[in-house]
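This report concerns only the one structure given below.
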Amino acid sequence: MAPPRPRGPSCPAMSSPRLYDDLAWVWPFVSPPEEYPEEVATFRRRFQQKGVSDGATLLHLGSGGGSIDVHLKQHYRVTGVDLSPNMRAHAAELNPEVEYLHGDIRDLRLGRTFDAVLLHDASAYMISLDELLAAYRTAAAHLRPGGVMVTLPEEIRRCFHQNRTTCSTYTRGARTVSTMYVDHDPDPTDTWFESTFVFLIRDGDRVTVETDTHRVGLYHLDDMLAAMREAGFEPEVAKWELADLDPEEDRPLVTAVKRG
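Going by this note's numbering, the residue at position 210 of the sequence shown is 211; the numbering climbs one at a time, nothing skipped.
This is the structure we're talking about:
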């Protein structure tokens, strides 16, 4: 199983994680566009099944560094929203033809609607059910009646493993970045856990180690689906299937149609 990618940074629940600030230069190493064609093909199938055709308008909430948009823009007219200026800069460099806007997915209101919304793993930074509901309401506010949201509940209770540790190594040019991600839940009675990122950076003969801690929401899937319904959606759950995912993890992919 491949190591998990860092999550999109649309709404950090604590002070901005370093990966989206002074360590933003690491992003192209750990989340390059070539990792996403299979995912985007899956999203496209789900949109098509609900009547969203190629050429439709799509709002990408938590668009991050733009790696997913490299593939989305081949099929949709994409608008991306992210809180981090560093991520938007990466995204604009990769996708100069895409409109990127500053925004917090908890309270964003653009005053226009779209045919589709992709809420990828940026929703993982919603560390309370109130914040998660706010993000779903943002998605609903930007969809026409009958519009479709596809969302990936990144972390759910049934798939969480205390102290799960994953490692990988990435090389670009003369630089190599080795990563270790450790997930730890200090209080199983609340709705978040800590994910600590360790980066070992080798640049020629120079080696440095950097750490970064993220707070990540952790929910039961039924609670997430209830929040979607409260926000005005009719959600439908499918199994999230990718070649590099452990089939026993049973991770969900949700397609939600806006009522109206």
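For glycine and all other residues, C-beta sits at the position ideal for the given N, C-alpha and C. In this text, all values refer to a predicted model and were calculated from it rather than measured experimentally.
*Have a look at V178, L109, S124 and T80 and flag the residue whose alpha-carbon is nearest the alpha-carbon of D116.*
Counting from 1 along the sequence shown, the entry for residue 116 is found at position 115. Nearest C-alpha to D116: T80.
_Given V268 as reference, the closest of V199, W193, S85 and S17 once Cα atoms are compared_ = It is not possible to answer for residue 268, since the shown part of the chain is limited to 2 through 261.
*Mapping DSSP to helix, strand and coil, what is Y37?*
For this step, residue 37 is matched to residue 36 along the sequence shown. If DSSP states are grouped into helix, strand and coil, Y37 belongs with coil.
*State yes or no: is the C-beta of P146 within less than 8 Å of the C-beta of G261?*
Against the sequence shown, residue 146 aligns to sequence position 145. Against the sequence shown, residue 261 aligns to sequence position 260. In this structure, G261 lies closer than 8 Å to P146 by Cβ.
*asked:* Classify H61: buried if its beta carbon has 16 or more other beta carbons within 10 angstroms, exposed otherwise.
replied: Working through the sequence shown from its first residue, we reach residue 61 at position 60. H61 should be labelled buried.
*With a 10 Å radius around its C-beta and 16 neighbouring C-beta atoms as the bar for buried, classify K240 as buried or exposed.*
The count along the sequence shown starts at 1 and reaches residue 240 at position 239. With fewer than 16 other Cβ atoms within 10 Å, it is exposed.
*Using a threshold of 8 Å, state whether the C-beta atoms of N96 and V118 are closer than that.*
Taking the sequence shown and counting its residues from 1, one reaches residue 96 at position 95. Taking the sequence shown and counting its residues from 1, one reaches residue 118 at position 117. No, these two residues do not count as a Cβ contact at 8 Å.
*By DSSP, does W241 sit in helix, in strand, or in coil?*
Counted from its first residue, the sequence shown places residue 241 at position 240. Coil at W241, not helix or strand.
*Terminal residues of the continuous alpha helix (DSSP H) containing L226?*
Reading the sequence shown from its first residue, position 225 is the one you call residue 226. Unbroken alpha helix (DSSP H) run through L226: L222 to E231.
*When T172, C160 and R138 are compared against P33, the one with the closest alpha-carbon*: Along the sequence shown, one-based indexing puts residue 33 at 32. The candidate whose alpha carbon is nearest that of P33 is T172.
*Do you know how far the Cα of L73 is from the Cα of P38?*
Within the sequence shown, residue 38 is the residue found at index 37, counting from 1. Within the sequence shown, residue 73 is the residue found at index 72, counting from 1. When rounded, the distance between both Cα atoms is 9 Å.
_N- and C-terminal bounds of the beta strand (DSSP E) containing R165_ = Looking up residue 165 in the sequence shown gives position 164. Here the beta strand (DSSP E) through R165 covers R165 to R173.
*C-alpha gap between S169 and P29, whole angstroms*: Numbered from its first residue, the sequence shown carries residue 169 at position 168. Numbered from its first residue, the sequence shown carries residue 29 at position 28. Taking the straight line from one Cα to the other gives about 14 Å.
*Report yes or no: do the region 94 to 112 and the region 204 to 212 share at least 3 C-beta pairs separated by less than 8 Å?*
no
*Would you call the CB atoms of D184 and L153 closer than 8 Å?*
Counting from 1 along the sequence shown, the entry for residue 184 is found at position 183. Counting from 1 along the sequence shown, the entry for residue 153 is found at position 152. It is not a contact, given that the beta carbons lie outside the stated cut-off.
*Leaving out the 5 sequence neighbours to the left and right, which residues in its chain are closer than 8 Å to A232 when beta-carbon positions are compared?*
Here residue 232 corresponds to residue number 231 of the sequence shown, with the count starting at 1. Result list for A232: L134, Y137, R138, A140 and A141, in chain order.
*Residues sharing a beta bridge with R45, DSSP*: By 1-based counting over the sequence shown, the position of residue 45 is 44. Bridge partners of R45: none, in fact.
*Measure the C-alpha to C-alpha separation of R107 and E132 and round it to an integer number of angstroms.*
In the sequence shown, the residue the question calls residue 107 occupies position 106. In the sequence shown, the residue the question calls residue 132 occupies position 131. For R107 and E132, the distance between alpha carbons rounds to 6 Å.
*Taking C-alpha atoms, which residue in L222, A227 and R230 lies nearest to L254?*
Position 253 of the sequence shown holds residue 254. It is L222.
*Using only alpha-carbon positions, find the residue among F194, T209 and R176 that is nearest to H162.*
Here residue 162 refers to the residue found at position 161 of the sequence shown. Measuring from the Cα of H162, the nearest candidate turns out to be F194.
*Cβ of R158 within 8 Å of Cβ of Y220?*
As a first step, residue 158 must be located in the sequence shown, where it is residue number 157. As a first step, residue 220 must be located in the sequence shown, where it is residue number 219. Contact: yes.
*Kindly indicate which three-state DSSP category E272 falls into: helix, strand or coil?*
Beyond the ends of the chain as shown, which are 2 and 261, falls residue 272; an answer cannot be given.
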